[in-house]
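S.K.:
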Amino acid sequence: MLLPAIPWRAGRYKWSVTGLRVLGGIGAALGILGAGLAVWAVTTLGLAHLVWVAFLSVAIAGTLPFAMYLAGRTRIAVKVLTAEGTSDSIGAAEIVAAISDIAATEAGGIEIPDAPDVEALKGAVLEEAPGGKLLSGALTALQGLFGLVPWQIVFAQLDDTRASLTIRRNGRVVKATTLDLNDFPPLAAAPKEPPVAPKTDAEAKTDEKPKIPDPRLEYLRKLAAGHVVTAVADQNAGFSGLFGATQGNAVGLYQIGARLYPKDDESFAIFTGALRDDPNYHLAELGVMNARFRRSTSRAELETFAGFLGRFLDSPHQNENTDRSRILRLRTLNLKIVAIRNALAAGPASVDGPTNSALLTAGAQAAVEGIGILKRKEIAARPIAPLLEMAFAISIALLTHLEGKQTKKEGTEQAAEGACVALASSKDWLERARFSVSPDIAYDYLCYLSRTSQVENQPRVDIEWRVQMNILQPEDAAYLWNDPELKELRKLEWFKKGYPKPTEDTETKPQAATKPARAKTTSQKK
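Rendered as structure tokens:
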């Protein structure tokens, strides 16, 4: 089977991943079958019987689609060059990891996903290209002959804010671009030295000044990973789970905003950059509005957020018949319910805004729909499903409680009925949420206890560990004093004494190191 050695340019054609595998399987089967029958014909019938020629023709015909498969399969080699021109194996490993995060692993987050929910590259070979000249030259030669690694990625750092990226498929350049953080000003700034407490004379003599890590190279590599995923998707008839994204910068920016920026104002700027770069990127839309309104304490703003989420849920892209779209719909339904809960807690209804009854009805309808999706076997098997089940159970129990306090008006009976049905379906999930140590669920359950006036009757230790888990970032500690659902918690004397309300002075003055701040979780808490 020598024909696969021909450097087929399958990259000229767009195949689905499944279609390409079927093509390769058919080709391999024909090749093996034809070759075996040809050998059998020669050994038993002799060369005089030309039937072996027909069998050999079948074998040769089978090698053609198999060659197309070799050249079109997803096998990616990444090479990284530093500004000095040397190979960087660590940098290559980081880009490989970023590609895997985007397109080979399930996204995390119970409200907005921390990455596109693409799994098309799961099982694909992602590897670091050899850095030496000899090995690199040998790989290039083998690639030209056999198509061993169809996708070749070369990332070359130019300076602190720029890098060049070249993406080749079977030797043909698919994309060549310059990544420039100066196009996204929040990412281009050099890292600032954090304020620290004054040191003693002894510490000043013995301690060296710590080196501040520069995140800009990581940003460039995540942008590169976004370009690689969108380029591979474009050459494979698209990937389910990109949610409208076609531009590499937008996919990389979303990764940066969702995972590396803990502050909402910073992530808002990053998500806005992603949406400006790719207006059809639905996750960027969700990210922008979540960063802007998720932690608001204004009822009007929270109602605006809930309204946006309702329109997002009604849009055509949310009706795709795929598991990934259903998971995104679940996250959005959960976020809508949380926005409604916060709006109800933020203050009385305005004259021109929705009534409490209308909000409760919308929340109950979203809850019932979410329960229905979670009951599907294929969704219940997803890793994110247990967290979403607990999040929905908490919201359903809280909505049922609030509806019970609400004066019966037109439309509220239907909301109560729907919420009660959903509550009966999620009692086991609520019990699991009570004992969950997930930071997001622990915080949500804390809100439930506060809104239902149970917080003062709980043992202090059961409340305090949930508080401590969610104050490791300064903005999280500040939000404990602003979250409209935690009013009852803030009335407790031990909370007021042990967790005083942060002020601008205490937030900005230099402080000694205390507990290490956790990285941004996979969802933005309230």
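Under the numbering used here, think of the first position of the sequence shown as 10, with each following residue one higher.
In this text, a Cβ means the ideal position worked out from N, Cα and C, and glycines have one as well.
#1: Curious, which full-length alpha helix (DSSP H) runs of at least 4 residues does the region 31 to 70 contain?
#2: Span of the alpha helix (DSSP H) holding ARG230?
#3: Compare the Cα-Cα distances from GLU329 to each of MET298, GLY316, GLY253, SER359 and report the closest residue.
#4: Have a look at ILE336, ARG335, ALA376 and flag the residue whose alpha-carbon is nearest the alpha-carbon of ILE346.
#5: Do you know offhand how far ASP274's Cα is from VAL31's?
#6: Can you pull the DSSP bridge partners for LYS184?
#7: Which runs of the alpha helix (DSSP H) fall wholly inside the region 332 to 385 and span at least 4 residues, in chain order?
#8: Confirm, please, whether the CB-CB distance from ALA300 to PHE317 is below 7 angstroms.
#9: Starting from ARG171, follow its DSSP beta bridges and name the residues at the other end.
#10: Does LEU495 pass the burial test, meaning 16 or more other C-beta atoms within 10 Å, or should it be called exposed?
#11: Among ALA486, ASN466, ASN179, whose alpha-carbon lies nearest the alpha-carbon of TYR452?
#12: Roughly how many whole angstroms lie between the Cα atoms of GLY94 and LEU339?
#13: Mind checking whether ASP284 and LEU232 have CB atoms under 7 angstroms apart?
#14: Just to confirm before moving on: does the CB-CB distance between ASP287 and GLN256 stay below 7 angstroms?
#15: For GLY362, which residues in the same chain have their Cβ closer than 8 angstroms to its Cβ, ignoring the five residues on either side in sequence?
#16: Compute the Euclidean distance between the alpha carbons of ARG443 and TYR488, then round it to the nearest angstrom.
#17: Since LEU439 contacts ALA406 with CB under 8 angstroms, what's their CB separation in whole angstroms?
#18: Identify whether GLN166 lies in helix, strand or coil by the three-state DSSP scheme.
#19: CB ALA44 to CB TRP61, shorter than 7 angstroms?
#20: Where PRO194 and ARG225 are concerned, what is the direct C-alpha to C-alpha distance, given to the nearest angstrom?
#21: Use the C-beta contact count for TRP474: other C-beta atoms within 10 angstroms, 16 or more gives buried, fewer gives exposed.
#22: Check this for me: beta carbons of ALA185 and THR170, under 7 angstroms apart or not?
#23: Ignore the nearest five residues each way along the sequence and tell me which others in GLU103's own chain have a CB closer than 6 angstroms to its CB.
#24: Given a cut-off of 7 angstroms, decide if ALA348 and ASP123 are closer than it, judged by their beta-carbon atoms.
M.R.: This is what the structure gives:
#1: none
#2: 225 to 243
#3: GLY253
#4: ALA376
#5: Pairing ASP274 with VAL31, the inter-Cα distance amounts to about 47 angstroms.
#6: ILE176
#7: 332 to 355, 365 to 383
#8: no
#9: ASP189
#10: Label assigned to LEU495: buried.
#11: ALA486
#12: 47 angstroms
#13: The sequence shown places Leu at residue 284, not Asp. Not in contact: LEU284 and LEU232 (Cβ atoms no closer than 7 angstroms).
#14: yes
#15: Once the five neighbours on either side are set aside, the close Cβ partners of GLY362 are ARG308, ALA309, GLU312.
#16: 22 angstroms
#17: 5 angstroms
#18: strand
#19: No, Cβ-Cβ distance for ALA44 and TRP61 is not below 7 angstroms.
#20: 11 angstroms
#21: exposed
#22: no
#23: ARG230
#24: no
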